[in-house]
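Residue numbers (our numbering), protein chains in the order written: chain W, 19 to 373; chain H, 19 to 373; chain G, 19 to 373; chain V, 19 to 373.
Okay, so here's the structure we're looking at.
Number of protein chains: 4
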Amino acid sequence: MSANWGNNIELSIFGESHGPAIGIVIGGLPAGMKLDMDEIRWFMKRRAPGQNQMSTPRKEKDEFQIVSGIRDGVTTGAPLCAMIENTNTHSKDYSELKVNMRPGHSDYPAYIKYHGYNDVRGGGHFSGRLTAPIVLAGSIARQILLEKGIIIGAHMKQIHHIQDCSFPVDIDDELLKQLSHQMYPTLDDQVFIKMQEEIEKARMSQDSVGGIIECAIAHVPAGIGNPFFDSVESHLSPLLFSIPAVKSVSFGSESIHQMYGHEANDAYYYQGDQVKTKTNHNGGITGGITNGMPIVFQVGIKPTPSISQIQETINVQTHTNTQIQVKGRHDPCIVPRAVVVVESMAALGVLDLLG
Amino acid sequence: MSANWGNNIELSIFGESHGPAIGIVIGGLPAGMKLDMDEIRWFMKRRAPGQNQMSTPRKEKDEFQIVSGIRDGVTTGAPLCAMIENTNTHSKDYSELKVNMRPGHSDYPAYIKYHGYNDVRGGGHFSGRLTAPIVLAGSIARQILLEKGIIIGAHMKQIHHIQDCSFPVDIDDELLKQLSHQMYPTLDDQVFIKMQEEIEKARMSQDSVGGIIECAIAHVPAGIGNPFFDSVESHLSPLLFSIPAVKSVSFGSESIHQMYGHEANDAYYYQGDQVKTKTNHNGGITGGITNGMPIVFQVGIKPTPSISQIQETINVQTHTNTQIQVKGRHDPCIVPRAVVVVESMAALGVLDLLG
Amino acid sequence: MSANWGNNIELSIFGESHGPAIGIVIGGLPAGMKLDMDEIRWFMKRRAPGQNQMSTPRKEKDEFQIVSGIRDGVTTGAPLCAMIENTNTHSKDYSELKVNMRPGHSDYPAYIKYHGYNDVRGGGHFSGRLTAPIVLAGSIARQILLEKGIIIGAHMKQIHHIQDCSFPVDIDDELLKQLSHQMYPTLDDQVFIKMQEEIEKARMSQDSVGGIIECAIAHVPAGIGNPFFDSVESHLSPLLFSIPAVKSVSFGSESIHQMYGHEANDAYYYQGDQVKTKTNHNGGITGGITNGMPIVFQVGIKPTPSISQIQETINVQTHTNTQIQVKGRHDPCIVPRAVVVVESMAALGVLDLLG
Amino acid sequence: MSANWGNNIELSIFGESHGPAIGIVIGGLPAGMKLDMDEIRWFMKRRAPGQNQMSTPRKEKDEFQIVSGIRDGVTTGAPLCAMIENTNTHSKDYSELKVNMRPGHSDYPAYIKYHGYNDVRGGGHFSGRLTAPIVLAGSIARQILLEKGIIIGAHMKQIHHIQDCSFPVDIDDELLKQLSHQMYPTLDDQVFIKMQEEIEKARMSQDSVGGIIECAIAHVPAGIGNPFFDSVESHLSPLLFSIPAVKSVSFGSESIHQMYGHEANDAYYYQGDQVKTKTNHNGGITGGITNGMPIVFQVGIKPTPSISQIQETINVQTHTNTQIQVKGRHDPCIVPRAVVVVESMAALGVLDLLG
């Protein structure tokens, strides 16, 4: 099913972009955990729109209310429901979008699936805005993981053709913390300027660009995961593919399929009592199970489908070919805002795997 | 959980490489379906080892017995259990493998997870041999799908650095049928010779290579799938990542994250009454739901971790660094045999999605 | 997991008795369904407290807000979230309840499970109040079922030792509709007066009584359900046991285990083209699958654990035996209010089974 | 789905009464557990048919082969598949059963569901014989539970109208062990003679009788289970209703719905450091969560539907009313053989709940 996820941590999301509110129910949280609300707000701010010209001008403060599951800021063990009101919705005319299908969007598949009854305003339930409650849930998951010593961080590995470096084999905890407290995290400080130029260029051409986000999860103990249907890769990938615009997921080195076996096989060694590998081309997972090295993965994000250029499309009412020009507020590149969403999904996936 | 999968079609796999047998239980099959045993055997032959020097010399005919769920070759609607006996097991000494962890393999994670009790002979339950019952189940799924007009085919898109072409936008049904009846399917007839040379080169160097398999699923109707947690991508990816050695999955064009929005947005048009797109960079899926175009995806496969070269590793008994030389029968490249496994997982995933 | 349920219909409940609100997320609803809000309100009124002296004096209008999943009163196909604010909460002192465990309540098990962090005010997440959103969801399910011709009704079969008649073999549709529009449905008009006296007697003694609710689901087609783990009984029973205070569930005739085989075997016959049975001791289900006769089942409800008498118990802080007198507003018998909850669970269970 | 069950322990059953074999796949078992094969055989013997005139004369030794998941008698952590060959199948003529539906059996619902393709020989997949692999799985579960101190035992509480006593509040471990090592366990030694007479009387009249089995699970710690959808009752009941012929399940005292609140509320007290209740009318569960007292429940079993008397029924081929006389080997009462099945389901359910 589509709105629910999880075995040990249960997620249920709801809401439409222009409805009264969006939100999430999170079951399976431990009781007695003091939530760090400031940190939740910080992670949500990283995702929030309207902070600069690289993102949609729609301003949403994404202020949330926790409706259940906490008392005096401490979890009770009951399902936690958090809601975010939709305050900045434009009540413009959406009648064109009901019949002219935007290319690259959910419009046409949703029109068929829901027989035209889906809410198309602002993308409805398909809106990237639904990732706000995911980040909220992910922020809570990260706090639980941190108590187990598990740290998560990600960076923009690529925007259009501009590339950042990859994570090194040994990933410093401080680096991950630092990345997760940046609005535009890159490993190479200089590369973001070029990325910004690339995004601006796309924006000026009424176009958009995509990219790659690389994420690392450090200190997951060895022996977590399963062979086959619930391998770590199998467990995390559906969450990552749930993020709108994600079209690819790879674990370890992106180029591992082009390596020779003697390169791809990460050699084990003891560093004191600790088992490590000299390289980490397998991204901390072999046979579907963690080996104790950082879990590393990349997600590929397509360019935002909302662009202002005139595009060829169909009118499903008249059954004719036509053109569409999508107006409104769009991100020329959602990669920067998606970094914290990827981290959040990673946190939720690992927390669920830990059982 | 790891051994079970599915909502509408239920899979449960079992067995170890050197145990008495491996097998699968398939629940949720429709009653009254006449199974085409020859086709099942053909698909299993495509995966079976020992057919030439590109694959492990271990010969297993992979003859299966259907223990339940059919009568007179017709499904009864009860769970179908199929078993494959392990006939060609070498009772060699596996004591070294219990302590010296093979790099790139499941050995070390499994050692930690199962406290050393896992069966290491031939990879035990982690063996690629467990994909034989998957192919059997997938072959049945394909027969059900074919009655709905859905056709699946795949080709070796890349081996090491040797590349085949990509699927065209319009994929001919005959092409898919033809591909799925080849032992070494490529779109470009000439490219396999080079791939073969590459594999042979690796074999001669006691090394191995990986590659990419591209798969297409044609004629899935528009409107199948869901937003978020059960998007088509989210539904198929765990199955694909269950295949041993798969480290990446991408839907649509592999380079979509490097495109501009105006390129990535597949323009809709009516061809008669039928809705089509001029390009298919989104691989038949937008917003997590099918748009009626072929579902196209790629899986990246790492080089076989079993290589005969001496490798650095650890001894978990003595807690010391050591070396290992993995003897025995290995595939220098499992990509050719994995093609039908990818097709099978695709079939099972789509059948389950159709509900 | 505890907060989520369902394969085709997805439920996720949240909220605590004295928190800001309670609610539910319902996934998997068909798009394009016009909701009959008056009927939803009627069903919720049947469950609402404070309507007479048989129920707790706490008055809650149970007014709900639909936060997502509908537009202009029509379902969009996206998850529907409905919320009910908690308006009438008494901010009395709950410190005694944190340490003195009420017998028959969730207090002690919850104290152990949640390490004392659970919200004890008004029963917290364990409150019977959480059945309000269940009734809301069930009301929607009933509207969908009604379009398929399926009708649900229930009656108070027993309160304490006062018994109503059982459903006849042929259950008239009008009877079920009529029952579901009564506040105190019984088959025998006279019996409710005696039941009322029994409840009043318990109330005057600061005591409580329980009883049995019998429910019928008419016109479920034959062939629905499965052998073994997803039998109709297996599918419905967890929902019914989710209702606070339900301690038993039986399908068909309550006394079937005391019959002889020749009595218990419901004889088939053709009535025109329609297959019927002369008796319905199996409650419309044999082999876990429906046979086309009405599904009939009973749920046994224990007396409300909240009574004002002094009771023996423990203090978990001082680790000593002690006494407790539970003050506050209680139902001397929740059976009348639980009828619509049972019907709602039945509706949700059958809708999910129909797939 | 019907063939699979479980969150932490995964079950998948397969097989038909007259097919080559029946079996089960059990996932999620811990690695490194030495299986006590003698005990497994003992429990299976308790269920096996043909041991005396109270059960069907079909003799099946129910010898099993473990196909995967163990090595040298010790679990490997991989899915355990166990198979039981069907050796004693009568190849008699089943053509009448294909068209004349046996009352009280799965025949008619299955005929509709599977469009006549289901295997009707010996009940096919619906056969009570499928409980043999359940007992095997349950026996393994019991060994795991025993290491945690959890002990399970059951007795025949009622056969037709002959009643045994109920479990006392304090249930001695020795009593449970003793019960589970009897073929015909009752609390009152004398009562079985009367039960036997009752069964014999039914057999002589070509009839059958049912009854009630009461089961206790001692030493499950307090705090296990959940509110609502995954209450202990909700978790166990689907397993119990999966047992063919079970039509009712009640937890705690069967008569709790007829008690007053002051009786039904089990008073807590400290016995030393241990929390106990003076009565156990709630069967060790309040609010869906264990309170540390023994979990006690009853299952009601209908009389065996297979009786040799002439019965009224329908012919689904000719669409006419007709009569049927069911020949063959039947149990006049399956209660004695079902005791160990109930214990097994209880063991599997609790093991899964413990996570």
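Virtual Cβ for every residue (Gly too), placed ideally from N, Cα, C.
**Prompt:** Can you list the residues of chain V that Asn25/W reaches, using a CB-CB cut of under 8 Å?
**Reply:** To locate residue 25/W, count along the first sequence from 1; it is residue 7. The answer, in chain order, is Asn25.
**For Phe269/W, the first and last residue of its enclosing beta strand (DSSP E)** = Within the first sequence, numbered from 1, the residue matching residue 269/W stands at position 251. For Phe269/W, the uninterrupted beta strand (DSSP E) segment begins and ends at 264-269.
**Asked** CB Gly305/H to CB Ser260/W, shorter than 8 Å?
**Response** As a working mapping, residue 305/H is identified with position 287 in the second sequence. As a working mapping, residue 260/W is identified with position 242 in the first sequence. No, the Cβ-Cβ distance between Gly305/H and Ser260/W is not below 8 Å.
**Message:** Counting only Cβ pairs nearer than 9 Å, list the residues of chain W close to Gly373/V.
**Reply:** In the fourth sequence, the residue the question calls residue 373/V occupies position 355. Here the neighbours are Asn26, Gly373.
**Prompt:** For Cys176/V, which option in Phe82/V, Val353/V, Gly373/V has the closest C-alpha, if you only look at C-alpha atoms?
**Reply:** Residue mapping note: residue 176/V aligns to position 158 of the fourth sequence, counting from 1. At residue 176/V the sequence reads Gln, which differs from the Cys that was named. Gln176/V has its Cα closest to that of Val353/V, out of Phe82/V, Val353/V, Gly373/V.
**Request:** Measure the alpha-carbon distance for Lys116/H versus Gly134/H and round it to whole angstroms.
**Result:** What you label residue 116/H is simply residue 98 of the second sequence in a count that begins at 1. What you label residue 134/H is simply residue 116 of the second sequence in a count that begins at 1. In a straight line, the C-alpha of Lys116/H is about 7 Å away from that of Gly134/H.
**For Val334/G and Pro127/G, the rounded distance between their alpha carbons** = Translated into positions along the third sequence, residue 127/G becomes position 109. Translated into positions along the third sequence, residue 334/G becomes position 316. Using only the alpha carbons, I get a separation of about 11 Å.
**Prompt:** Going by alpha carbons, who is nearest to Met222/W out of Ile231/H, Thr331/H, Tyr278/H, His299/H?
**Reply:** Reading the first sequence from its first residue, position 204 is the one you call residue 222/W. Checked all of Ile231/H, Thr331/H, Tyr278/H, His299/H; the closest Cα to Met222/W is Tyr278/H.
**Asked** What residue does the beta strand (DSSP E) around Leu98/V start on, and which one ends it?
**Response** As a working note, residue 98/V is residue 80 in the fourth sequence. From DSSP, the beta strand (DSSP E) with Leu98/V extends over 98-103.
**Item:** 8 Å Cβ cut-off: residues of chain H touching Tyr126/W
**Value:** Start at 1 with the first residue of the first sequence, and residue 126/W comes out as number 108. Neighbourhood of Tyr126/W in chain H, by CB distance below 8 Å: Ala240, Tyr286, Val293, Thr304, Asn309, in chain order.
**Asked** Hey, out of Leu47/H, Met51/H, Glu34/H, whose CA is closest to Thr94/V's CA?
**Response** Residue 94/V sits at position 76 when you count from the first residue of the fourth sequence. Taking Thr94/V as reference, the option from Leu47/H, Met51/H, Glu34/H with the minimal CA-CA separation is Glu34/H.
**Message:** Taking DSSP's pairing of strands, which residues face Glu232/V in a bridge?
**Reply:** Locating residue 232/V in the fourth sequence gives position 214, counting from the first residue. Beta-bridge pairing links Glu232/V to His173/V, Gln316/V.
**Message:** Excluding the 5 residues flanking Ala356/W on each side, which residues of the same chain have their C-beta closer than 7 Å to its C-beta?
**Reply:** By one-based count along the first sequence, residue 356/W stands at place 338. Cβ neighbours of Ala356/W beyond the five flanking positions: Ile231, Ile261, Ile319.
**Message:** Mapping the DSSP letters down to three states, classify Arg120/W as helix, strand or coil.
**Reply:** To locate residue 120/W, count along the first sequence from 1; it is residue 102. Residue state, collapsed to three classes: coil.
**Asked** Between Ile88/G and the rest of its own chain, which residues show a CB-CB distance below 7 Å, the 5 nearest in sequence each way excluded?
**Response** The count along the third sequence starts at 1 and reaches residue 88/G at position 70. Contacts found: Leu53, Thr94, Leu98.
**Prompt:** Under the three-state reduction of DSSP, which class applies to Val344/W: helix, strand or coil?
**Reply:** Counted from its first residue, the first sequence places residue 344/W at position 326. Correct three-state label for Val344/W: coil.
**Asked** Is the distance from the Cβ of Gly241/V to the Cβ of Thr308/V below 8 Å?
**Response** Taking the first residue of the fourth sequence as 1, we reach residue 241/V at position 223. Taking the first residue of the fourth sequence as 1, we reach residue 308/V at position 290. Contact flag set, yes.
**Message:** Between Pro11/V and chain H, is the shortest Cβ-Cβ distance under 8 Å, so that the two count as touching?
**Reply:** Because chain V is modelled from 19 through 373, residue 11/V falls outside the range shown and cannot be assessed.
**Asked** Rounded to a whole number of angstroms, what is the C-alpha to C-alpha distance between Leu47/G and Asn244/H?
**Response** One-based indexing of the third sequence puts residue 47/G at position 29. One-based indexing of the second sequence puts residue 244/H at position 226. Looking at the two C-alpha atoms, the distance is approximately 12 Å.
**Item:** Contacts of Val92/W in chain G (Cβ-Cβ under 9 Å)
**Value:** Sequence index remark: in the first sequence, residue 92/W carries index 74 (1-based). Near Val92/W (Cβ distances below 9 Å), the residues of chain G are Tyr135.
**Message:** Report the CB separation of Gln327/V from Gln341/V in whole angstroms; it is logged as a contact under 8 Å.
**Reply:** As a working note, residue 327/V is residue 309 in the fourth sequence. As a working note, residue 341/V is residue 323 in the fourth sequence. With a Cβ gap of about 10 Å, Gln327/V and Gln341/V do not count as contacting.
**Prompt:** Is there at least one Cβ from chain H nearer than 8 Å to Gly50/W's Cβ?
**Reply:** Within the first sequence, the letter at position 32 stands for residue 50/W. For Gly50/W, the answer is no, since every Cβ of chain H falls outside 8 Å of its Cβ.
**Message:** Tell me the DSSP secondary structure of Tyr126/W in three-state form.
**Reply:** If you number the first sequence from 1, residue 126/W lands on position 108. In the three-state scheme derived from DSSP, where H, G and I count as helix and E and B as strand, Tyr126/W is classed as helix.
**Prompt:** Going by the C-beta, is Asn283/V closer than 7 Å to any heavy atom of the ligand HEM?
**Reply:** As for the ligand HEM, it is missing from this structure, which has no ligand bound.
**Item:** Residues that DSSP places opposite Glu165/V in a beta bridge
**Value:** Residue mapping note: residue 165/V aligns to position 147 of the fourth sequence, counting from 1. Looking at the DSSP assignment, Glu165/V forms no beta bridge with any residue, so it has no partner.
**Prompt:** Which residues in the same chain as Trp23/G place their Cβ atom closer than 6 Å to its Cβ, once the five residues preceding and following it in sequence are excluded?
**Reply:** To locate residue 23/G, count along the third sequence from 1; it is residue 5. Hits under 6 Å: Leu29.
**Prompt:** What residues in the segment 206-231 of chain V have a beta carbon less than 7 Å from any beta carbon of chain G?
**Reply:** So the list reads Ala220, Asp225, Ser226, Val227, Gly228, Gly229, Ile230, given in the order they occur along the chain.
**Asked** By a C-beta neighbour count over all protein chains shown, 10 Å radius and 16 as the cutoff for buried, is Phe274/W buried or exposed?
**Response** Mapped onto the first sequence, residue 274/W falls at position 256. It is worth fixing the name first, because residue 274/W is Ile in this sequence and not Phe. Label assigned to Ile274/W: buried.
**Asked** Taking the C-alpha atoms as reference points, what is the distance between Cys351/G and Ile217/G?
**Response** Here residue 351/G is taken as the residue at index 333 of the third sequence, counted from 1. Here residue 217/G is taken as the residue at index 199 of the third sequence, counted from 1. Answer to the nearest angstrom: the Cα atoms are 6 Å apart.
**Request:** Compile a chain-ordered list of the residues in the segment 29-44 of chain G whose CB is closer than 8 Å to at least one CB of chain W.
**Result:** Ser30, Ile31, Phe32, Gly33, Glu34, Gly37, Pro38, Ala39, Ile40, Gly41, Val43
**Asked** DSSP state of Leu29/V, grouped into three classes?
**Response** In the fourth sequence, counting from the first residue as 1, residue 29/V sits at position 11. In this structure, Leu29/V counts as strand in the three-state DSSP scheme.
**Message:** Would Asp284/W and Pro256/H be called neighbours here (beta carbons separated by less than 8 Å)?
**Reply:** In the first sequence, counting from the first residue as 1, residue 284/W sits at position 266. In the second sequence, counting from the first residue as 1, residue 256/H sits at position 238. Not closer than 8 Å, so no.
**Prompt:** Taking 8 Å as the CB-CB cut-off, is Gly374/H touching chain V?
**Reply:** A question about residue 374/H goes unanswered here, because the residues of chain H that appear run from 19 up to 373.
**Request:** Compare the Cα-Cα distances from Ser198/H to each of Pro239/H, Val153/H, Ile303/H and report the closest residue.
**Result:** Indexing the second sequence from 1 puts residue 198/H at position 180. If we check each option's Cα against that of Ser198/H, Val153/H comes out closest.
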